[in-house]
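The structure appears below as structure tokens.
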Amino acid sequence: MKQLPPLSDPSFGFFASPFGECCIVFTNDGICALTFPESRESAYADLEHRFPKTSFKQNDEKASQFARQIFEEKGKPQLNPAGTEFQLAVWDALLQIPAGQTTTYARIAMQINRPKAVRAVGTAIGANPIGFLIPCHRVIRTDGGLGGFRWGLERKKMMLEYEKE
DNA sequence: ATAAAGGCCACCC
DNA sequence: GGGTGGCCTTTAT
0 MKQLPPLSDP SFGFFASPFG ECCIVFTNDG ICALTFPESR ESAYADLEHR FPKTSFKQND
60 EKASQFARQI FEEKGKPQLN PAGTEFQLAV WDALLQIPAG QTTTYARIAM QINRPKAVRA
120 VGTAIGANPI GFLIPCHRVI RTDGGLGGFR WGLERKKMML EYEKE
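Read in order, the letters of the first sequence correspond to residues 0 to 164 in numbering that gives the first Met the number 0.
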């Protein structure tokens, strides 16, 4: 992973999403993470692991504002994910998949001009820090299988169902 | 440095 | 349906 630039006003908060409890992490530069943790404890642990030596302020009010923007107004808040060049390229490709549609791991690999890196694409997608907003749930297998999902396949199905029509 | 582990795919049986 | 080998990147030794 590349070294992170200093974070401006690092904050996090929890809210209830249509897909379960969410932890959102953000700074003045945008959203860094949106996850569906098993528990608050695991959310804290994840935070410390991914941003060592950084102290975050809890701000559930701002988190709720984001929630409203995302799930009620269907808005697109600014994103600020941290990753390698390869990962950023993959995540960028994900952002181009329209809601309600799906693509495959192989097609993403084509799109970023690394047609043979299909497996690595799967790994990079699995490392997506911003669930739902970076729509990793819209990627399925070439053979039609659902593929995997870091936060549980049931949740992946839920998201696809939510976006249908 | 090197090994091991992945949200895969094409190919075989 | 299931198993194998190849492919590429990341992470943990």
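Quick reminder that beta carbons are idealized off the backbone N, C-alpha and C, glycines included.
Fair warning: this is a prediction, and the values are worked out from it, not measured in the lab.
**Asked** Per DSSP, what kind of secondary structure is Glu37 in: helix, strand or coil?
**Response** coil
**Request:** Quick one: measure Cβ to Cβ for Trp90 and Pro76, integer angstroms, because I've assumed they're closer than 8 Å.
**Result:** Wrong, their Cβ atoms sit about 15 Å apart, outside the cutoff.
**Prompt:** Exposed or buried, Pro51, counting other C-beta atoms within 10 Å across all chains shown (16 or more means buried)?
**Reply:** exposed
**Asked** Can you tell which of Lys163, Glu153, Ala98, Phe85 has the C-alpha that lies nearest to the C-alpha of Asn127?
**Response** Phe85
**Neighbourhood of Leu6 by C-beta distance below 7 Å, restricted to the same chain and skipping five residues each side** = Thr26, Thr53
**Message:** For Tyr161 and Phe70, I'd like the C-alpha separation in whole angstroms.
**Reply:** 11 Å
**Request:** Would you mind reading off the limits of the beta strand (DSSP E) that contains Glu164?
**Result:** Per DSSP, Glu164 belongs to no beta strand (DSSP E) and is neither H nor E.
**Asked** Sorted by chain position, which residues of the same chain lie with C-beta nearer than 8 Å to Thr101's C-beta, five sequence neighbours on each side aside?
**Response** Arg137, Val138, Ile139, Leu159
**Reference Cys135, options Asp142, Tyr43, Thr141, Gly121, closest by Cα** = Gly121
**Request:** Below 7 Å CB to CB, which residues in the same chain sit around Ala105 once its five sequence neighbours on both sides are set aside?
**Result:** Val117, Thr141
**Identity of the residues DSSP links to Lys56 by a beta bridge** = Ser10
**Prompt:** Just how far apart, CA to CA, sit Ser63 and Leu152?
**Reply:** 25 Å
**Item:** In DSSP terms, what Phe70 is bridged to
**Value:** None, per the DSSP bridge assignment.
**Message:** Taking the beta carbon of Gly146 as the centre, do at least 16 other beta carbons fall within 10 Å, making it buried, or is it exposed?
**Reply:** buried
**Prompt:** Measuring CA to CA, which of Pro9, Gly12, Lys163 is closest to Ala98?
**Reply:** Lys163
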